[in-house]
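Student:
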Amino acid sequence: MAVASVTEQSGRTVVALSGEIDMEEAPKVRRALLDSLKQKRDVLVDLSQVTYIDSSGIASLIEGLQAARKQKNDLALVSVSQRARRVLELARLDKVFTIHADLATALAAAKG
Amino acid sequence: MAEPNPIEAPVENGLTDPLEFAAALSRSFAQTQDIDHTVRQALAQIVALLRVEAGAIFLLDEMQANLVCRASAGPVDVTGLSVPNGSGIVGRAVAEDSIQVVEHAYQDQGFFAEADRKTGFVTRSILAAPMSVGRSAIGAVEVLNKQNGKPFNTKDQNLLRVVAASSALAISNARMADRLVAQERLQREVELAAEIQRHLLPAEEDENSPISGLLRPIQEVSGDFYDHFELPDGTIAFAIGDVSGKGLNASLLMSQTASLFRCLGKTVRDPARLMSILNREICATVSRGMFVTMISGLYEPATGRLRFANAGHIPPLLRRPNHRSVEMPADSPPLGILPGSKYETEEVNLDGAQFILCTDGVTEFRFGDEELGTEGLDMLIDTARGKPIAQRLNAVVEELQRAGWRSRDDLTLLAIDDGMAARSVEQRAESERDTPDPSDFLFGLSFPADPKRLKLVRPAIRAAAEACGFDENETDDVLLAAGEAIENIIVHAYGNRRGEIALAVHRMADGLMLRIRDFAPNVDPAKIQPRKLEDVRPGGLGTHFIRAVMDDATFIPLPDGEGNLLELIKRKR
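Chains as they are written, first to last, in my numbering: chain D, 1 to 112; chain W, 1 to 573.
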């Protein structure tokens with residue numbers, strides 16, 4: 001279950017991922033992100049339950065980010081697990097994504 | 001300066017014999033340290049001796065265009081007076097190389113009356129003797145107005161000839177000595193500067209090093225420089241630079257810049273910051289109008305990571321295997337122009353690529369109207385394809401010179417061959433690679449090339465890594481690398497078609513070895529290129545992850561048609 005839930009909270013779409021995001025699961029993440037962006041809302045991707053993510057998973061996040069930017073929405077990461085952070089850093093993408101410590105902080109953050 | 005020895009007073013001593021006078025004059029010239037002073041004294045003596053009103057020595061200037069008065073004796077000082085060569089009685093003495101006796105100056109058509117008009121002196125009679133050394137004329141000495149109104153006699157002529165000859169020799173010797181001293185001093189300075197510069201260049205002893213440079217100065221000293229040295233953690237600091245201008249000034253600025261880089265490069269680990277500091281230092285000391293273009297950076301042979309900053313230098317050439325070469329241009333200004341200039345660090349993962357730096361002496365290599373340019377250099381690098389980078393650089397220069405290309409500038413090349421770094425890692429792996437002990441063979445797995453199997457394989461690898469004593473983070477890294485390697489096989493080796501993957505896991509004394517094999521046609525490791533990380537698009541980051549988290553990643557050659565075998569090694573800290 002790579003995509004645990006997709007909910008709406010305070011005007012934003014929260015996509016919670018979980019488990020192992022590898023080549024098998026990445027297409028599901030990609031689809032979930034692109035679908036959620038159809039709401040034209042900013043997206044928060046919760047990574048707290050992610051135990052494994054590799055280059056395929058990262059690629060899905062990047063595609064989501066690019067699609068969001070294209071329609072002038074933001075896609076930010078929330079509660080990035082230690083594992084996910086390590087891989088983002090290896091890819092030197094930790095500065096490309098906006099990363100919030102947790103969901104409450106992310107929702108409190110000024111929109112835009 | 002010591003007071004020059006006065007000439008022995010010939011008149012008082014009754015030295016009217018030309019030979020004795022000549023001897024005294026020669027001694028004085030031999031002892032003197034101030035040739036002008038001695039010439040003036042000699043002139044004063046001859047004026048007294050010949051009982052004339054005035055005397056002067058004229059020397060040809062460098063262009064041989066004018067005769068300029070170097071010393072004078074008499075009521076008016078005409079030192080500095082210039083007479084066009086060939087004019088006047090002195091001019092005639094020089095032109096005809098013969099002594100001139102003129103009894104009535106104003107009746108002689110050759111007389112240069114201009115001098116009298118300028119000085120108010122009235123010339124009546126003239127005696128002028130040419131001065132020459134060997135066959136070349138250097139000037140003439142003349143005396144004016146015999147006091148008793150008598151004409152100049154033979155004795156007067158002989159005495160003046162003696163003065164002319166001795167003075168000519170003394171002046172010529174002094175000039176030669178001055179030139180020699182100046183030349184020697186300059187030569188010593190140049191040799192010293194060249195020596196210092198040679199010591200500033202790296203030794204280039206290791207032909208298998210992934211970085212190598214060469215510098216061919218056009219003169220003894222150079223305005224170019226390059227350097228590279230290894231830091232304690234294995235990172236290599238490098239720089240190439242070109243000082244505007246040539247000669248000693250440029251070479252001194254080059255030496256200063258190279259020394260600063262040597263010094264700062266050991267501690268400043270951010271190329272942009274290093275450039276800012278260098279720029280400030282050079283701005284503070286540089287003479288007006290000179291500047292330095294430079295690229296400096298840090299290269300990690302272990303990962304292929306390269307960071308560099310470019311201060312107005314020719315863009316580096318990035319040569320990826322099987323890709324068109326690209327130039328990486330810079331917007332930052334050269335060093336030494338504005339103290340506040342901003343520099344930026346650019347980053348790239350070479351991943352087996354070559355990174356070529358040069359000075360414009362290389363790109364401006366000419367053959368007739370044709371200029372080599374970056375494209376020509378790009379082609380020439382492959383002259384010695386397959387050879388170590390040091391040999392390839394030499395081959396570039398040799399090939400150009402053999403083909404008759406000429407450069408008017410110093411030429412410097414500096415190149416990093418990340419492919420060689422990978423090879424040297426591989427070679428080390430080869431020698432260290434013991435045949436795994438059967439007892440250390442943990443397990444083998446065979447599974448279809450299908451993303452759905454990844455999840456099933458990971459727990460086994462996790463268990464093996466933990467069994468080898470890796471901590472949680474290291475274990476996760478091993479899983480990441482293994483997963484990426486398997487995904488690469490699925491996508492690149494089998495092209496998402498059906499196939500089989502075999503995994504063997506071995507325990508090593510200091511870590512873990514994974515051997516992952518496919519049975520697809522051979523994969524050229526150089527073709528599995530991670531994309532540029534700066535270029536944020538979805539795509540394969542996998543190879544980059546593998547290199548970043550594993551200690552060794554090596555394709556082990558298999559016979560054609562036998563598939564590919566990738567060996568991954570993770571060592572314990």
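Using N, Cα and C, we set each Cβ at its ideal position, and we do this for glycine too.
Which word fits Q139 of chain D, buried or exposed, when buried means at least 16 other C-beta atoms lie within 10 angstroms of its C-beta?
Tutor: The question about residue 139 of chain D has no answer, for chain D in this structure spans 1 to 112.
Student: Taking DSSP as the reference, what is the three-state secondary structure of F261 of chain W?
Tutor: Locating residue 261 of chain W in the second sequence gives position 261, where the first residue counts as 1. DSSP places F261 of chain W in helix when its eight states are reduced to three.
Student: So with CB distances below 7 Å, who are the chain D contacts of L480 of chain W?
Tutor: Here residue 480 of chain W corresponds to residue number 480 of the second sequence, with the count starting at 1. Within chain D, the residues near L480 of chain W are D54, V87.
Student: Where does Y299 of chain W sit, in a helix, a strand or coil, going by DSSP?
Tutor: Reading the second sequence from its first residue, position 299 is the one you call residue 299 of chain W. In the structure shown, Y299 of chain W sits in a strand (DSSP, three-state: E or B).
Student: Ignoring anything shorter than 3 residues or poking outside the stretch 70-99 of chain W, list the beta strand (DSSP E) runs there in chain order.
Tutor: Listed in chain order, the complete beta strand (DSSP E) runs (minimum 3 residues) inside the stretch 70-99 of chain W are 82-84.
Student: Residues of chain D with CB closer than 8 Å to the CB of P202 of chain W, please, in chain order.
Tutor: As a working note, residue 202 of chain W is residue 202 in the second sequence. Simply none; closest approach about 30 Å.
Student: Report the option in W:S222, W:H506, W:G80 whose CA atom is closest to the CA atom of I196 of chain W.
Tutor: Against the second sequence, residue 196 of chain W aligns to sequence position 196. Nearest C-alpha to I196 of chain W: W:S222.
Student: Helix, strand or coil for L201 of chain W, going by three-state DSSP, please let me know.
Tutor: Locating residue 201 of chain W in the second sequence gives position 201, where the first residue counts as 1. Here L201 of chain W sits in coil by DSSP.
Student: For chain W, check one thing: does any of its Cβ atoms lie closer than 8 Å to the Cβ of M23 of chain D?
Tutor: Here residue 23 of chain D corresponds to residue number 23 of the first sequence, with the count starting at 1. Cβ-Cβ to chain W under 8 Å: yes for M23 of chain D.
Student: Pull out every residue of the stretch 464-476 of chain W whose Cβ sits closer than 8 Å to any Cβ of chain B, in chain order.
Tutor: The chain labelled as chain B is not found among the protein chains of the depicted structure, namely D and W.
Student: Of all the residues that make up the stretch 81-107 of chain D, which are near chain W by a beta-carbon distance shorter than 9 Å?
Tutor: Q82, R83, R86, V87, L90, A91, R92, L93, V96
Student: Determine which residues share a DSSP beta bridge with E53 of chain W and list them.
Tutor: Within the second sequence, residue 53 of chain W is the residue found at index 53, counting from 1. Answer by DSSP bridge pairing: none, since E53 of chain W is not bridged.
Student: I'd like to know whether the C-beta of V20 of chain D is nearer than 8 Å to at least one C-beta of chain W.
Tutor: Here the question's residue 20 of chain D lines up with position 20 in the first sequence. With the sequence shown as reference, residue 20 of chain D is identified as Glu, and Val is not the correct amino acid for it. Yes, E20 of chain D counts as interfacial toward chain W.
Student: What is the residue span of the beta strand (DSSP E) that I240 of chain W lies within?
Tutor: Reading the second sequence from its first residue, position 240 is the one you call residue 240 of chain W. Here the beta strand (DSSP E) through I240 of chain W covers 236-243.
Student: Quick one: which unbroken beta strand (DSSP E) runs of 3-plus residues sit fully inside the stretch 7-81 of chain D? Chain order, please.
Tutor: As summarised for the stretch 7-81 of chain D, the continuous beta strand (DSSP E) elements at least 3 residues long and confined to that stretch are 12-21, 43-53, 75-78, given in chain order.
Student: Please identify the residue among W:L215, W:E207, W:L180, W:D206 whose C-alpha is closest to the C-alpha of A194 of chain W.
Tutor: As a first step, residue 194 of chain W is located in the second sequence; it is residue number 194 there, counting from the start. When C-alpha distances from A194 of chain W are compared across W:L215, W:E207, W:L180, W:D206, the shortest belongs to W:L215.
Student: Less than 8 Å between the beta carbons of L50 of chain W and L159 of chain W, yes or no?
Tutor: Here residue 50 of chain W refers to the residue found at position 50 when the second sequence is read from its first residue. Here residue 159 of chain W refers to the residue found at position 159 when the second sequence is read from its first residue. Going by C-beta atoms, L50 of chain W is nearer than 8 Å to L159 of chain W.
Student: Should K266 of chain W be labelled buried (16 or more other beta-carbon atoms within 10 Å of its own) or exposed?
Tutor: Residue 266 of chain W sits at position 266 when you count from the first residue of the second sequence. The residue is exposed, with fewer than 16 neighbouring Cβ atoms inside 10 Å.
Student: Nearest-angstrom Cα distance between T554 of chain W and A548 of chain W?
Tutor: By one-based count along the second sequence, residue 554 of chain W stands at place 554. By one-based count along the second sequence, residue 548 of chain W stands at place 548. Going by the C-alpha atoms only, they are around 13 Å apart.
Student: For the ligand GDP, is there any heavy atom lying closer than 7 Å to the beta carbon of L380 of chain W?
Tutor: This structure simply doesn't include the ligand GDP, nor any ligand for that matter.
Student: Whose Cβ in chain D lies nearer than 9 Å to the Cβ of A302 of chain W?
Tutor: For the purposes of this step, residue 302 of chain W is taken as residue 302 along the second sequence, with counting starting at 1. Under the 9 Å cutoff, chain D gives no residues; its nearest Cβ is about 14 Å from A302 of chain W.
Student: Give the DSSP-derived three-state secondary structure of D552 of chain W in the structure shown.
Tutor: Taking the second sequence and counting its residues from 1, the one referred to as residue 552 of chain W is at position 552. It is a strand residue.
Student: Could you check whether the Cβ of L454 of chain W sits closer than 8 Å to any Cβ belonging to chain D?
Tutor: As a first step, residue 454 of chain W must be located in the second sequence, where it is residue number 454. With 8 Å as the cut-off, L454 of chain W counts as an interface residue toward chain D.
Student: For V102 of chain W versus F58 of chain W, is the C-beta spacing smaller than 8 Å?
Tutor: The residue labelled residue 102 of chain W in the question sits at position 102 within the second sequence. The residue labelled residue 58 of chain W in the question sits at position 58 within the second sequence. Result no, Cβ atoms of V102 of chain W and F58 of chain W do not sit closer than 8 Å.
Student: Between E562 of chain W and chain D, is the shortest Cβ-Cβ distance under 8 Å, so that the two count as touching?
Tutor: Working through the second sequence from its first residue, we reach residue 562 of chain W at position 562. It does not; no Cβ of chain D falls within 8 Å.
Student: Looking at the structure shown, is A440 of chain W part of a helix, part of a strand, or coil, going by DSSP?
Tutor: Locating residue 440 of chain W in the second sequence gives position 440, counting from the first residue. The question names Ala, yet the displayed sequence has Asp at residue 440 of chain W. Helix.
Student: Is the CB of A548 of chain W under 8 Å away from at least one CB in chain D?
Tutor: Against the second sequence, residue 548 of chain W aligns to sequence position 548. For A548 of chain W, the answer is yes, since a Cβ of chain D falls inside 8 Å of its Cβ.
Student: To the nearest angstrom, report how far apart I211 of chain W and P316 of chain W are at their CA atoms.
Tutor: Here residue 211 of chain W corresponds to residue number 211 of the second sequence, with the count starting at 1. Here residue 316 of chain W corresponds to residue number 316 of the second sequence, with the count starting at 1. Going from the Cα of I211 of chain W to the Cα of P316 of chain W covers about 14 Å.
Student: In chain D, which residues lie less than 8 Å from F545 of chain W when you measure between Cβ atoms?
Tutor: Reading the second sequence from its first residue, position 545 is the one you call residue 545 of chain W. Residues of chain D passing the Cβ test: D54, S55, V87, L90, A91.
Student: Within the stretch 325-412 of chain W, note down every full alpha helix (DSSP H) run reaching 4 residues or more, in order along the chain.
Tutor: 360-363, 373-380, 389-402
Student: I want to see whether chain D comes within less than 8 Å of G297 of chain W, judged by CB atoms only; does it?
Tutor: If you number the second sequence from 1, residue 297 of chain W lands on position 297. No, G297 of chain W lies away from the interface with chain D (no Cβ there is under 8 Å from its Cβ).
Student: To the nearest angstrom, how far is the alpha carbon of A449 of chain W from that of L61 of chain D?
Tutor: Counted from its first residue, the second sequence places residue 449 of chain W at position 449. Counted from its first residue, the first sequence places residue 61 of chain D at position 61. One C-alpha to the other measures close to 24 Å.
Student: Could you tell me the boundaries of the alpha helix (DSSP H) in which T267 of chain W lies?
Tutor: By 1-based counting over the second sequence, the position of residue 267 of chain W is 267. Careful: T267 of chain W lies outside any alpha helix (DSSP H) and carries neither H nor E.
Student: With a threshold of 8 Å between beta-carbons, can E484 of chain W be considered close to chain D, or not?
Tutor: Your numbering for residue 484 of chain W matches position 484 in the second sequence. Taking CB atoms only, E484 of chain W has a neighbour in chain D less than 8 Å away.
Student: Can you tell which of W:L393, W:D369, W:G88, W:P388 has its C-alpha closest to the C-alpha of D378 of chain W?
Tutor: Working through the second sequence from its first residue, we reach residue 378 of chain W at position 378. If we check each option's Cα against that of D378 of chain W, W:L393 comes out closest.
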